[in-house]
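Chains A and B, in that order, give the protein sequences.
Add 2 to the 1-based position in the first sequence for our numbering, that's all there is to it.
Add 136 to the 1-based position in the second sequence for our numbering, that's all there is to it.
Backbone N, C-alpha and C define an ideal beta-carbon position, used for all residues, glycine too.
Step one of this worksheet: look at the structure below.
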Amino acid sequence: MGFAKYQEDIVSQFNNDRNTQPSVMPAKAPARNVSVPDKKKEQPTMSRLKEFTIQNARPLPVILLADVSGSMGDDGKVQALNHAVREMIEALRDESDLRAEIHVAVVTFGGESRVHLPLGPVHGASWTDLGASGNTPMGAAFDLARQMVEDKAVVPGRAYRPTIVLVSDGQPTGEWKQQLDALLKSERGGKAFRMALAIGADADHAVLQEFLADAEARVYRADEARQIRKFFQLVTMSVSARSRSANPNVAAPAADPNGGWDL
Amino acid sequence: MVRVVAASIRGPAHVKEGLPCQDSWLAVAAPRASLAVVCDGMGSRPRSRDGARAATLAVRDAWRLWQRSPVGIVEDLIRIIEAAWRLRLRKFAGEEASTTCLFYAEDGHGRAAQAQLGDGLIARRAADGAVAVHPSRSEGFGLTHALGTPHSLADWSFAFVEPLAPRERLVLATDGVSEDLEAGRIGDLATWVADEIGATQHPARALARELRNWPVPHHRDDKTLLVMWKP
Chain A
3 MGFAKYQEDI
13 VSQFNNDRNT
23 QPSVMPAKAP
33 ARNVSVPDKK
43 KEQPTMSRLK
53 EFTIQNARPL
63 PVILLADVSG
73 SMGDDGKVQA
83 LNHAVREMIE
93 ALRDESDLRA
103 EIHVAVVTFG
113 GESRVHLPLG
123 PVHGASWTDL
133 GASGNTPMGA
143 AFDLARQMVE
153 DKAVVPGRAY
163 RPTIVLVSDG
173 QPTGEWKQQL
183 DALLKSERGG
193 KAFRMALAIG
203 ADADHAVLQE
213 FLADAEARVY
223 RADEARQIRK
233 FFQLVTMSVS
243 ARSRSANPNV
253 AAPAADPNGG
263 WDL
Chain B
137 MVRVVAASIR
147 GPAHVKEGLP
157 CQDSWLAVAA
167 PRASLAVVCD
177 GMGSRPRSRD
187 GARAATLAVR
197 DAWRLWQRSP
207 VGIVEDLIRI
217 IEAAWRLRLR
227 KFAGEEASTT
237 CLFYAEDGHG
247 RAAQAQLGDG
257 LIARRAADGA
267 VAVHPSRSEG
277 FGLTHALGTP
287 HSLADWSFAF
297 VEPLAPRERL
307 VLATDGVSED
317 LEAGRIGDLA
327 TWVADEIGAT
337 QHPARALARE
347 LRNWPVPHHR
357 DDKTLLVMWK
367 P
């Protein structure tokens, strides 16, 4: 065989798997091919890895697009939404043993679309209740979500796949399809996990299904205010499961709260 | 002759689950040409550890053949790697053993190639301190191409490059390391590993110890870091 003719020496290969010892040069590898320091140091080096590494955990963004149009003021829906989001933030804040640092943002659309809670670590998130007024400019909310996800200063390249949650009780006013397409076709926005909740009978399920862009994905439905809370419990469990999993970029199964529910 | 310091360690997630490290690396320091490879087996696949190991050996197989021609192109090298990897897997299906693959290969004829399929980092620090990062085709959010997943030659990021110059440092890392690195400090990291870790009595052990004490909160991934340099 010709391999013997190769003037090469394997410095090392693989790793030592379960062995706590690292790879070392195999005995058959002659020292002539690997420089040996003239002066060997017996003392361990001073660790400097902190100087070269980012000192924050990898973020896992959760972006809520919340309908706060006038109709959300009926039947205690916006109060239920406030309660549910506050509860979600507190639950995510209390999570431990996470692989990721959960970041939360809330974009509202009611009369106008705006960032109610900028994207940041959930442990520093301070919640103020939402009011309900105006029409339903959902398209503008899609634009804000896309800008947020695409901005690498806001969602860095090392972040895990975001979850975007859309909650609405009505039909969007004004243009929305173009903005939704832009979100779904954007390089990073299109890769986000998406969840949707339709509140009440007037919610536009077709728009929410289009937002999910997955025929098998389910638009959850809440006919009563208390079911909004259950939906956010599901969101919380989904995000928590993902942040604990071996790979938070992969959807993790989350059990239905309270043994299953049918919104 | 180049020098190499490299180590792979299990991340806390695999330690907790009692699973082996699914990263792998290989380096060859030969008089005329050198090779450095790191591979990161995809954790969700049952044979990813075997896939990563097979990939390092496949790159070496292909490189040995590729060296024979002074005019071989990088595409040829990659095509041989793809085939050699499937053969190295023997009876296992590629999709069960998916792995990223990053390498630097000198051909012994004054040429060198760098190539990357999937996440991770290839970077070089020149003697004057300038750092060049090999462009990645990573899709972000962990959606990565890999051997064993659907991909084409176009999904590899590859190029002919100058062979390592004296005092130049090459860094190869899997994403467990690269995702947590400050972009502006990659050159300093390479210098530290070469000058300080490389000067210890047991450089690989020292580097592995550093990787096990990775200072980023909540880190879980396996980690592989390889630094090659020409003194």
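Going by DSSP, what residue range makes up the beta strand (DSSP E) through residue i?
{"i": "ARG223 of chain A", "result": "221-224"}
{"i": "VAL173 of chain B", "result": "170-176"}
{"i": "VAL167 of chain A", "result": "165-170"}
{"i": "ALA134 of chain A", "result": "Careful: ALA134 of chain A lies outside any beta strand (DSSP E) and carries neither H nor E."}
{"i": "SER144 of chain B", "result": "139-145"}
{"i": "SER160 of chain B", "result": "159-165"}
Tell me the residue span of the alpha helix (DSSP H) that contains residue i.
{"i": "LYS359 of chain B", "result": "Counting along the chain, LYS359 of chain B falls outside any alpha helix (DSSP H), though it belongs to the beta strand (DSSP E) covering 359-365."}
{"i": "THR55 of chain A", "result": "Where THR55 of chain A is concerned, there is no enclosing alpha helix (DSSP H), given that its DSSP letter is neither H nor E."}
{"i": "ALA251 of chain B", "result": "From DSSP, ALA251 of chain B is part of no alpha helix (DSSP H) but of the beta strand (DSSP E) over 248-253."}
{"i": "ASP324 of chain B", "result": "322-328"}
{"i": "ASP145 of chain A", "result": "140-152"}
{"i": "ASP197 of chain B", "result": "184-202"}
{"i": "ALA149 of chain B", "result": "148-153"}
Please state if the CB of residue j and the CB of residue i are separated by a distance shorter than 7 angstroms.
{"i": "SER234 of chain B", "j": "THR285 of chain B", "result": "yes"}
{"i": "CYS237 of chain B", "j": "LEU223 of chain B", "result": "no"}
{"i": "VAL124 of chain A", "j": "ILE166 of chain A", "result": "no"}
{"i": "ALA282 of chain B", "j": "MET178 of chain B", "result": "yes"}
{"i": "ARG160 of chain A", "j": "ALA102 of chain A", "result": "no"}
{"i": "HIS207 of chain A", "j": "ALA217 of chain A", "result": "no"}
{"i": "PHE54 of chain A", "j": "ARG348 of chain B", "result": "no"}
{"i": "THR110 of chain A", "j": "ALA68 of chain A", "result": "yes"}
{"i": "SER49 of chain A", "j": "GLU346 of chain B", "result": "yes"}
{"i": "PRO164 of chain A", "j": "ALA194 of chain A", "result": "yes"}
{"i": "ALA215 of chain A", "j": "LEU168 of chain A", "result": "no"}
{"i": "ALA188 of chain B", "j": "ILE216 of chain B", "result": "no"}
{"i": "VAL162 of chain A", "j": "LEU62 of chain A", "result": "It is worth fixing the name first, because residue 162 of chain A is Tyr in this sequence and not Val. Yes, they are a contact pair."}
{"i": "ALA172 of chain B", "j": "ALA165 of chain B", "result": "no"}
{"i": "GLY78 of chain A", "j": "ALA227 of chain A", "result": "yes"}
Candidates the options: which alpha carbon is nearest residue i's?
{"i": "PHE239 of chain B", "options": "B:ARG303, B:HIS270, B:VAL210, B:VAL174", "result": "B:VAL174"}
{"i": "VAL269 of chain B", "options": "B:PHE277, B:ALA259, B:ALA263", "result": "B:ALA259"}
{"i": "SER314 of chain B", "options": "B:GLU332, B:GLU153, B:ASP357, B:ALA190", "result": "B:ASP357"}
{"i": "LYS152 of chain B", "options": "B:TRP365, B:HIS355, B:GLY230, B:MET364", "result": "B:HIS355"}
{"i": "GLN181 of chain A", "options": "A:ALA217, A:MET197, A:GLY113, A:ALA147", "result": "A:ALA147"}
{"i": "ARG88 of chain A", "options": "A:VAL156, A:PHE195, A:GLN235", "result": "A:GLN235"}
{"i": "VAL207 of chain B", "options": "B:ARG185, B:ALA249, B:ASP291", "result": "B:ALA249"}
{"i": "PRO174 of chain A", "options": "A:VAL221, A:GLY122, A:LEU83, A:GLU114", "result": "A:GLU114"}
{"i": "ILE230 of chain A", "options": "A:SER240, A:SER170, A:GLU177", "result": "A:SER170"}
{"i": "PHE228 of chain B", "options": "B:ILE217, B:ILE209, B:ARG183, B:VAL267", "result": "B:ARG183"}
{"i": "ALA290 of chain B", "options": "B:VAL210, B:LEU317, B:LEU257", "result": "B:VAL210"}
{"i": "GLY136 of chain A", "options": "A:GLY192, A:ALA194, A:ILE104, A:GLY176", "result": "A:GLY176"}
{"i": "LEU132 of chain A", "options": "A:ARG228, A:ASN84, A:PRO63", "result": "A:ASN84"}
{"i": "ARG139 of chain B", "options": "B:PHE277, B:VAL352, B:THR327", "result": "B:THR327"}
{"i": "GLY312 of chain B", "options": "B:PHE296, B:PRO302, B:ARG341, B:PRO351", "result": "B:PRO351"}
{"i": "ASP225 of chain A", "options": "A:GLN211, A:ALA205, A:THR138, A:PRO139", "result": "A:ALA205"}
{"i": "GLY230 of chain B", "options": "B:HIS287, B:PRO353, B:ASP331, B:VAL297", "result": "B:HIS287"}
{"i": "VAL209 of chain A", "options": "A:LYS154, A:THR238, A:MET239, A:THR138", "result": "A:THR138"}
{"i": "ALA143 of chain A", "options": "A:ALA155, A:VAL108, A:ILE104", "result": "A:VAL108"}
Is it the case that the CB of residue i approaches a heavy atom of the ligand ATP more closely than 6 angstroms?
{"i": "PHE277 of chain B", "result": "Judged by which ligands are present, the structure shown has none, so any question about the ligand ATP falls away."}
Within a Cβ cutoff of 8 angstroms, which residues of the same chain sit near residue i, ignoring the five residues on either side of it in sequence?
{"i": "GLU304 of chain B", "result": "ARG260, ARG261, ALA262, ALA263, TRP365, LYS366"}
{"i": "LEU317 of chain B", "result": "LEU257, ALA309, LEU325"}
{"i": "ILE56 of chain A", "result": "ARG160"}
{"i": "ASP258 of chain A", "result": "Because the pLDDT of ASP258 of chain A is 48, which lies under 50, any placement of that residue in the model is unreliable, and the question is left without a value."}
{"i": "ALA6 of chain A", "result": "Here ALA6 of chain A scores only 35 on pLDDT, less than 50, and its place in the model should not be relied on; the value that follows carries that caveat. Excluding sequence neighbours, ALA6 of chain A sits near nothing in its chain."}
{"i": "ASP40 of chain A", "result": "Caution is warranted here: a pLDDT of 45 is assigned to ASP40 of chain A, below 50, making its placement in the model unreliable, and the coordinate value is therefore given only provisionally. So the list is empty, once near-sequence residues are dropped."}
{"i": "GLY261 of chain A", "result": "Low per-residue confidence applies at GLY261 of chain A: pLDDT is 41, beneath 50, and the placement is therefore not dependable, though the value from the model is reported in the following sentence. If we look at GLY261 of chain A and ignore the five residues flanking it on each side, it has no Cβ neighbours."}
Enumerate in chain order the residues of its own chain whose CB-to-CB distance from residue i is below 7 angstroms, with the five nearest sequence positions on each side excluded.
{"i": "ALA127 of chain A", "result": "ILE91, VAL106, LEU119"}
{"i": "GLN203 of chain B", "result": "ALA169, ASP243, GLY244"}
{"i": "ARG34 of chain A", "result": "The predicted model places ARG34 of chain A with a pLDDT of 36, which falls under 50 and marks its position as unreliable, so this point remains unresolved."}
{"i": "ALA134 of chain A", "result": "VAL70, SER71, GLY72, MET74, GLY75, VAL80, GLY112"}
{"i": "ILE214 of chain B", "result": "ALA251, LEU289, TRP292, PHE294"}
Near residue i, which residues of its chain fall below 6 angstroms by C-beta distance, leaving aside the five closest residues on each side in sequence?
{"i": "ALA190 of chain B", "result": "TRP221, ARG224, LEU225"}
{"i": "GLU152 of chain A", "result": "SER188, ARG190"}
{"i": "VAL329 of chain B", "result": "VAL141, VAL363"}
{"i": "THR360 of chain B", "result": "SER144, ASP159, TRP161, VAL174, THR310"}
{"i": "ARG95 of chain A", "result": "VAL124, HIS125"}
{"i": "PRO299 of chain B", "result": "GLU242, ALA248"}
{"i": "ALA86 of chain A", "result": "ILE230, ARG231, PHE234"}
{"i": "LEU343 of chain B", "result": "VAL141, ALA143, ILE333"}
{"i": "GLU97 of chain A", "result": "SER242"}
{"i": "ASP145 of chain A", "result": "GLN181"}
Minimum length 4: unbroken alpha helix (DSSP H) runs contained in the segment 180-250 of chain A: 207-214, 227-246
Beta strand (DSSP E) segments (min. 3 residues) lying fully within the segment 54-114 of chain A: 61-69, 103-112
Segments of 4+ residues assigned as alpha helix (DSSP H) that fall wholly inside the segment 284-338 of chain B: 311-314, 322-328
Unbroken stretches of the alpha helix (DSSP H), 4 residues or longer, contained in the segment 203-268 of chain B: 210-224
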